[in-house]
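Residue numbers for the sequence shown follow the numbering used here, beginning at 12 and rising by one.
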Amino acid sequence: QVQLVESGGGLVQPGESLRLSCAASGSIFDLRAMGWHRQAPGKPRELVASVTSGGITNYADFVKGRFTISLDNAKNTVFLQMNSLKPEDTAVYYCNAYVGANMRRYWGQGTQVTVSS
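Listed below in structure tokens is the structure:
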């Protein structure tokens, strides 16, 4: 099993920044990628960003230029630096880990991000 522990969520004002972290532990013998999804109330869960163990990144259009994802392979920890936050970024942010050749996906418990004045 793989456990994911997220941290860094909170309440900020529009235009401010937050940094999310997610540490993976457990049966991680072949970590292929990590990433973040988010889910706002009444909306489907959506991809925010992902990064492979080789450093290839992918971003949703709505965060390009504002969010940066990075991966510390030695610590199996993924970070999401979120700048210029907007009220529409308010959501529960979920960490993902993709393990093994079949890219089995694991989910974290989620961390709340609220952007409000």
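Backbone N, C-alpha and C define an ideal beta-carbon position, used for all residues, glycine too.
What you are looking at is a predicted structure, and each value in this text was computed from that prediction instead of being measured.
- Of the candidates 22, 103, 66, the residue whose Cα lies closest to the Cα of residue 85 is 66.
- DSSP places residue 83 within a strand segment (E or B) once states are collapsed to three.
- Distance from the CA of residue 97 to the CA of residue 12, rounded to the nearest whole angstrom, comes to 35 Å.
- Distance between residue 49 and residue 40, taken at the CA atoms: about 26 Å.
- If you compare the alpha carbons of 22, 38, 23, 45 with that of residue 32, the shortest gap goes to 45.
- At the C-beta level, residue 94 and residue 115 stay beyond 8 Å of one another.
- The beta-carbon distance between residue 127 and residue 22, rounded to whole angstroms, is 7 Å. This is short enough to meet the 8 Å contact definition.
- Distance from the CA of residue 81 to the CA of residue 63, rounded to the nearest whole angstrom, comes to 9 Å.
- Between residue 102 and residue 60, the C-beta gap is not smaller than 8 Å, which leaves the two residues out of contact.
- Nearest to residue 26 by C-alpha distance, out of 100, 87, 70, 42, is 100.
- Distance check between residue 34 and each of 113, 14, 74, 20 places 14 closest, using alpha-carbon atoms only.
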